[in-house]
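For the sequence shown, counting from 1, position 97 maps to 97 in full-length UniProt numbering; every step adds exactly one.
Just so it is clear, CB atoms sit at the ideal spot from N, CA and C, and this is done for glycine as well.
In what follows, a structure is listed as structure tokens, so that the remarks can point back to it.
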Amino acid sequence: MLQSMSLDSLFELRSGLHAIDEMVHCLDDGDPVDAEGTVAFCGRSITCDEASAVMKCIYTRHLLFESSRDLRNYSYWGFASGFPVLDDPDRAAVEAGLVHPHIEMRPVEIPGIGAQMGLFATQDIPPNTLLGEYTGVVHVDRGGAFDNYGLAYPSTYEHGNMCISAAEYGNAMRCINHSSTHPNAAFTSAVCTGILRMLCVRRRRPTTRRPH
Numbered sequence: 001m002l003q004s005m006s007l008d009s010l011f012e013l014r015s016g017l018h019a020i021d022e023m024v025h026c027l028d029d030g031d032p033v034d035a036e037g038t039v040a041f042c043g044r045s046i047t048c049d050e051a052s053a054v055m056k057c058i059y060t061r062h063l064l065f066e067s068s069r070d071l072r073n074y075s076y077w078g079f080a081s082g083f084p085v086l087d088d089p090d091r092a093a094v095e096a097g098l099v100h101p102h103i104e105m106r107p108v109e110i111p112g113i114g115a116q117m118g119l120f121a122t123q124d125i126p127p128n129t130l131l132g133e134y135t136g137v138v139h140v141d142r143g144g145a146f147d148n149y150g151l152a153y154p155s156t157y158e159h160g161n162m163c164i165s166a167a168e169y170g171n172a173m174r175c176i177n178h179s180s181t182h183p184n185a186a187f188t189s190a191v192c193t194g195i196l197r198m199l200c201v202r203r204r205r206p207t208t209r210r211p212h
């Protein structure tokens, strides 16, 4: 629920702007550095390169921007109010590009769609637990074909048409398939290192079923 932005979150959003250019990669500056480490998949660990092949996109642990011009204008984006600041453990996880250790990708058959990648819990996860940041490319949505991996970015910049797309770059969070009636995970927004992030958080009671 959006409420008035706290002084702490407003301060972090503004005070972190001077370092944003060093922390965030823009695609018009070239390809990002390849993601390192492993990703949980079907009970085993695979490399980020292997995850890219499985997901049919380039695995990225961090949020990317399409335009360096947009990033330079970030302080003028006109954010809505009500975004919290992450606590230290969650901040560290987002900065490191980590997803929760008790989730993994698995193939799933979706009626009417076919085989897709889903995200499953391997152990009970308490409510309000951070599952991970939804990474992808922040860009202006200029219409056209529907983006199955697009999330609206809560800003009035470019007439409110900013979004995060995980169609070409993304992480395991793009594999979440929500039910419209019984979702057990939800997206929320929070400020981290001067950037507004879209995060996936566990909701409802603990479960070992996937967010569906």
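Specify the secondary structure class of TYR153 as computed by DSSP and reduced to three states.
One-based indexing of the sequence shown puts residue 153 at position 153. DSSP places TYR153 in coil when its eight states are reduced to three.
Tell me ALA107's beta-bridge partners as DSSP assigns them.
Taking the first residue of the sequence shown as 1, we reach residue 107 at position 107. A small correction: the amino acid at residue 107 is Pro; Ala does not occupy that position in the sequence shown. Under DSSP, PRO107 shares a beta bridge with MET117.
Could you tell me which residues DSSP pairs with residue 222 in its beta bridges?
In the structure as shown, the chain starts at 1 and stops at 212, and residue 222 therefore has no counterpart that could be examined.
Which same chain residues, not among the five before or five after ASP90, have their C-beta less than 6 angstroms away from its C-beta?
On the sequence shown, residue 90 is found 90 positions in, with the first residue counted as 1. For ASP90, where only same-chain residues beyond five positions count, the Cβ hits under 6 angstroms are LEU130.
Using three-state DSSP, classify HIS159 as helix, strand or coil.
Taking the sequence shown and counting its residues from 1, one reaches residue 159 at position 159. Correct three-state label for HIS159: helix.
If you measure between the beta carbons of GLY97 and VAL108, is that distance less than 7 angstroms?
Along the sequence shown, one-based indexing puts residue 97 at 97. Along the sequence shown, one-based indexing puts residue 108 at 108. No; because the gap between Cβ atoms is not below 7 angstroms, this pair is not in contact.
Close-in-space but distant-in-sequence residues of the same chain around HIS102 (CB under 7 angstroms, 5 per side omitted)
Start at 1 with the first residue of the sequence shown, and residue 102 comes out as number 102. For HIS102, where only same-chain residues beyond five positions count, the Cβ hits under 7 angstroms are ALA121, THR122, GLN123, ILE125.
Whole-number beta carbon distance between GLU104 and ALA40, since they are thought to touch under 8 angstroms:
For the purposes of this step, residue 40 is identified with residue 40 of the sequence shown, where counting begins at 1. For the purposes of this step, residue 104 is identified with residue 104 of the sequence shown, where counting begins at 1. With a Cβ gap of about 4 angstroms, ALA40 and GLU104 count as contacting.
Straight-line CA distance for ARG44 to GLY78?
For the purposes of this step, residue 44 is taken as the residue at position 44 of the sequence shown. For the purposes of this step, residue 78 is taken as the residue at position 78 of the sequence shown. One C-alpha to the other measures close to 43 angstroms.
Take VAL99 and list the residues in its own chain whose beta-carbon comes closer than 6 angstroms to its own, dropping the five residues that flank it on each side.
The residue labelled residue 99 in the question sits at position 99 within the sequence shown. Excluding the 5 residues flanking it on each side, VAL99 has same chain C-beta neighbours closer than 6 angstroms at GLY132, ALA172, in chain order.
Apart from the five residues on each side of it in sequence, which residues of its chain come closer than 6 angstroms, Cβ to Cβ, to THR188?
Along the sequence shown, read from residue 1 onward, the residue named residue 188 stands at position 188. Once the five neighbours on either side are set aside, the close Cβ partners of THR188 are LEU199, VAL201.
In its own chain, which residues sit with a C-beta less than 6 angstroms from the C-beta of CYS42, not counting the 5 before and 5 after it?
Here the question's residue 42 lines up with position 42 in the sequence shown. Excluding residues within five positions, the ones whose Cβ falls inside 6 angstroms are ARG106.
Use the C-beta contact count for ARG174: other C-beta atoms within 10 angstroms, 16 or more gives buried, fewer gives exposed.
To locate residue 174, count along the sequence shown from 1; it is residue 174. By the 10 Å Cβ count, ARG174 comes out buried.
Option nearest ASP29 by Cα separation, candidates SER68, CYS57, LEU63, GLY37:
Mapped onto the sequence shown, residue 29 falls at position 29. In this structure, SER68 is the residue among SER68, CYS57, LEU63, GLY37 with its C-alpha nearest to the C-alpha of ASP29.
Give me the DSSP bridge partner(s) of ARG174.
Position 174 of the sequence shown, counting from 1, holds the residue named residue 174. ARG174 pairs with nothing; no bridge assigned.
Buried or exposed for MET23, going by 16 or more other Cβ atoms inside 10 Å?
For the purposes of this step, residue 23 is taken as residue 23 along the sequence shown, with counting starting at 1. Answer is exposed; the Cβ neighbour count stays below 16.
Alpha carbon to alpha carbon, how far is TYR76 from TYR157? Give it in angstroms, no decimals.
For this step, residue 157 is matched to residue 157 along the sequence shown. For this step, residue 76 is matched to residue 76 along the sequence shown. Spanning the two alpha carbons is a distance of roughly 7 angstroms.
Please classify residue 262 as buried or exposed, where buried requires at least 16 other C-beta atoms within 10 Å of its C-beta.
There is no way to answer for residue 262, as the model of the chain reaches only from 1 to 212.
VAL33 versus ILE195, CYS57, HIS62, MET55, residue with shortest Cα-Cα distance:
Locating residue 33 in the sequence shown gives position 33, where the first residue counts as 1. Distances from the alpha-carbon of VAL33 to those of ILE195, CYS57, HIS62, MET55 put HIS62 closest.
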